[in-house]
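Novice: Under this note's numbering, think of the first position of the sequence shown as 210, with each following residue one higher.
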Amino acid sequence: MATNVTQPGWVTVHGVRLEIVERGQGRPILWLHGEEGLDPGAPFLDLLAAHGSVLAPSHPGFGHSPDVASIDTVDDLSYLYLDLLAERNLRDVTVVGSSMGGWIAAEMAVKCSDRFSGLVLVAPLGIKVGDRETRDIPDIFALPPDEVTRLQYRDPARAAVDHGKLSDDQLTIIARNREATALYAWEPYFHNPKLRQWLHRIKLPTVLLWGADDRFVTAAYYGDAFRTAIPGARFETIPGAGHFPHIEEPAGLVERIGGFIGERKA
210 MATNVTQPGW VTVHGVRLEI VERGQGRPIL WLHGEEGLDP GAPFLDLLAA
260 HGSVLAPSHP GFGHSPDVAS IDTVDDLSYL YLDLLAERNL RDVTVVGSSM
310 GGWIAAEMAV KCSDRFSGLV LVAPLGIKVG DRETRDIPDI FALPPDEVTR
360 LQYRDPARAA VDHGKLSDDQ LTIIARNREA TALYAWEPYF HNPKLRQWLH
410 RIKLPTVLLW GADDRFVTAA YYGDAFRTAI PGARFETIPG AGHFPHIEEP
460 AGLVERIGGF IGERKA
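#1: Look at the Cβ atom of Ile238, then the Cβ atom of Ser262, and state whether they are nearer than 8 Å.
#2: Can you say whether Lys374 is buried or exposed, counting buried as having 16 or more other CB atoms within 10 angstroms of its CB?
#3: For Gly449, is the classification buried or exposed, using 16 other Cβ atoms within 10 angstroms of its Cβ as the cut-off for buried?
#4: Enumerate in chain order the residues of its own chain whose CB-to-CB distance from Ala351 is below 7 Å, with the five nearest sequence positions on each side excluded.
#5: By the DSSP assignment, the beta strand (DSSP E) with Ser326 in it spans what residues?
#6: If we call anything under 8 Å between Cβ atoms a contact, is Gly327 one with Pro414?
#7: Would you kindly report the start and end of the unbroken beta strand (DSSP E) that includes Trp419?
#8: In whole angstroms, what separates the C-alpha of Pro454 from that of Trp419?
#9: Which same chain residues, not among the five before or five after Glu445, have their C-beta less than 8 Å away from its C-beta?
#10: Restricting to Cα atoms, I'd like to know which of Gly310, Arg300, Pro249 and Thr303 is closest to Ser287.
#11: Tell me whether the beta-carbon of Asn401 lies closer than 8 Å to the beta-carbon of Gly246.
#12: Val230 and Leu254 look like a contact to me (Cβ under 8 Å); what is the Cβ gap, rounded to whole Å?
#13: What first and last residue would you give for the beta strand (DSSP E) that runs through Ser307?
#14: Using a Cβ-Cβ cutoff of less than 8 Å, which residues in the same chain neighbour Lys412 once the five nearest sequence positions on both sides are dropped?
#15: With a cut-off of 8 Å on the beta carbons, I'd call Tyr290 and Leu330 a contact; round off their distance for me.
#16: From this set, Trp219, Ser307 and Tyr398, which residue's C-alpha is nearest Thr515's C-alpha?
#17: Short check: CB of Ile382 to CB of Gly461, under 8 Å?
#18: With a floor of 4 residues, list each alpha helix (DSSP H) that falls wholly inside the region 377-416, ordered by position along the chain.
#19: Measuring straight from C-alpha to C-alpha, what distance separates Val220 and Arg226?
#20: Use the C-beta contact count for Val222: other C-beta atoms within 10 angstroms, 16 or more gives buried, fewer gives exposed.
#21: Just the Cα atoms here: how many angstroms apart are Asp284 and Ile470?
#22: Can you tell me whether DSSP reads Ile313 as helix, strand or coil?
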């Protein structure tokens with residue numbers, strides 16, 4: 210059972226040590242962060258904890274979680290988190306993933322969703338939509354940082370960081386998060402070429418949530434491809450948000466997640 214602890218703790222899964230935030234009580238909610246990393250102090254986590262027992266790990270290589278030589282793909286991460294749920298004997302879990310975390314969540318659900326009660330994908334990455342010559346997802350490693358921010362945020366000022374005011378630890382985490390993103394998502398770039406063809410295996414309640422002003426991966430193109438590939442998936446937009454609604458509109462996002470969880474409690 211999670212508690213309302215501000216500072217992250219630690220969990221070990223088959224020898225893999227993970228930094229983890231645990232908050233709230235009730236039915237379990239697994240939060241899988243995206244390429245931006247996990248912010249233990251994010252208001253989003255406190256809001257989400259009102260709806261259940263939140264487990265929010267930092268993926269290996271992100272935050273303070275150590276690098277693990279044997280874990281270097283999103284496929285590996287999906288098995289790692291399936292093992293986490295099994296080791297804790299958690300059932301009736303709502304799995305929520307954002308961006309790269311949504312990709313991990315989708316991979317988990319394709320493999321084995323016996324412990325899931327529902328799946329929430331927040332602007333997930335992970336599939337190939339266009340032909341091999343089409344870049345579905347902008348290259349965050351090649352584009353100028355200001356352009357990446359413009360594509361990902363409705364209000365780019367929300368992403369502004371004064372690096373001169375950050376601690377050495379905070380600067381190290383930013384560098385580690387970027388390096389880990391490259392490890393998991395560089396080649397092939399932010400997708401599994403075969404994932405789309407297996408999304409039909411997801412046989413549980415699924416909602417896709419998309420920031421109405423997401424210019425990074427658009428709802429009409431990338432989001433619709435996810436929706437049509439997952440049987441019965443529904444699609445909702447979050448006003449006032451870009452690619453990361455949990456940062457720009459945490460209350461609006463949690464309202465949708467809470468409503469989705471509440472439907473299955475009734």
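By construction, the Cβ of each residue, glycine as well, lies at the ideal position given by its N, Cα and C atoms.
Specialist: Reading off the structure:
#1: One-based indexing of the sequence shown puts residue 238 at position 29. One-based indexing of the sequence shown puts residue 262 at position 53. Yes, Cβ-Cβ distance for Ile238 and Ser262 is below 8 Å.
#2: Your numbering for residue 374 matches position 165 in the sequence shown. The residue is exposed, with fewer than 16 neighbouring Cβ atoms inside 10 Å.
#3: One-based indexing of the sequence shown puts residue 449 at position 240. That one is exposed.
#4: Along the sequence shown, one-based indexing puts residue 351 at 142. The answer is none, since no qualifying residue turns up.
#5: On the sequence shown, residue 326 is found 117 positions in, with the first residue counted as 1. Run containing Ser326: Phe325 to Val331, per the beta strand (DSSP E) assignment.
#6: If you number the sequence shown from 1, residue 327 lands on position 118. If you number the sequence shown from 1, residue 414 lands on position 205. In this structure, Gly327 places its C-beta atom within 8 Å of the C-beta atom of Pro414.
#7: Along the sequence shown, read from residue 1 onward, the residue named residue 419 stands at position 210. Counting along the chain, the beta strand (DSSP E) containing Trp419 begins and ends at Thr415 to Gly420.
#8: On the sequence shown, residue 454 is found 245 positions in, with the first residue counted as 1. On the sequence shown, residue 419 is found 210 positions in, with the first residue counted as 1. Approximately 8 Å between the Cα atoms of the pair.
#9: The residue you call residue 445 lines up with position 236 of the sequence shown. Closer than 8 Å at Cβ, skipping near neighbours: Val416, Leu417, Leu418, Trp419 and Arg465.
#10: Counting from one through the sequence shown, the residue named residue 287 turns up at place 78. The shortest C-alpha separation from Ser287 is found at Gly310.
#11: What you label residue 401 is simply residue 192 of the sequence shown in a count that begins at 1. What you label residue 246 is simply residue 37 of the sequence shown in a count that begins at 1. The criterion of a C-beta distance shorter than 8 Å is not satisfied by Asn401 and Gly246.
#12: Position 21 of the sequence shown, counted from the start, is the residue given in the question as residue 230. Position 45 of the sequence shown, counted from the start, is the residue given in the question as residue 254. Sure, about 6 Å apart at Cβ, within 8 Å.
#13: Along the sequence shown, read from residue 1 onward, the residue named residue 307 stands at position 98. Note, Ser307: beta strand (DSSP E), Val302 to Ser307.
#14: By one-based count along the sequence shown, residue 412 stands at place 203. These residues qualify, in order along the chain: Ser322 and Pro440.
#15: Here the question's residue 290 lines up with position 81 in the sequence shown. Here the question's residue 330 lines up with position 121 in the sequence shown. Between Leu330 and Tyr290 the Cβ distance is about 15 Å, and since that is not below 8 Å, they are no contact.
#16: Only positions 210 to 475 of the chain appear in the structure, and residue 515 is not among them; the question remains open.
#17: Stepping through the sequence shown from its first residue, residue 382 is reached at position 173. Stepping through the sequence shown from its first residue, residue 461 is reached at position 252. For Ile382 and Gly461, no; Cβs fall outside 8 Å.
#18: 377-394 and 404-407
#19: Position 11 of the sequence shown, counted from the first residue, corresponds to residue 220. Position 17 of the sequence shown, counted from the first residue, corresponds to residue 226. If you take the alpha carbons of Val220 and Arg226, they lie about 6 Å apart.
#20: By one-based count along the sequence shown, residue 222 stands at place 13. By the 10 Å Cβ count, Val222 comes out buried.
#21: Counting from one through the sequence shown, the residue named residue 284 turns up at place 75. Counting from one through the sequence shown, the residue named residue 470 turns up at place 261. Asp284 and Ile470: Cα-Cα distance of roughly 26 Å.
#22: Residue 313 sits at position 104 when you count from the first residue of the sequence shown. Of the three classes helix, strand and coil, the one that applies to Ile313 here is helix, per DSSP.
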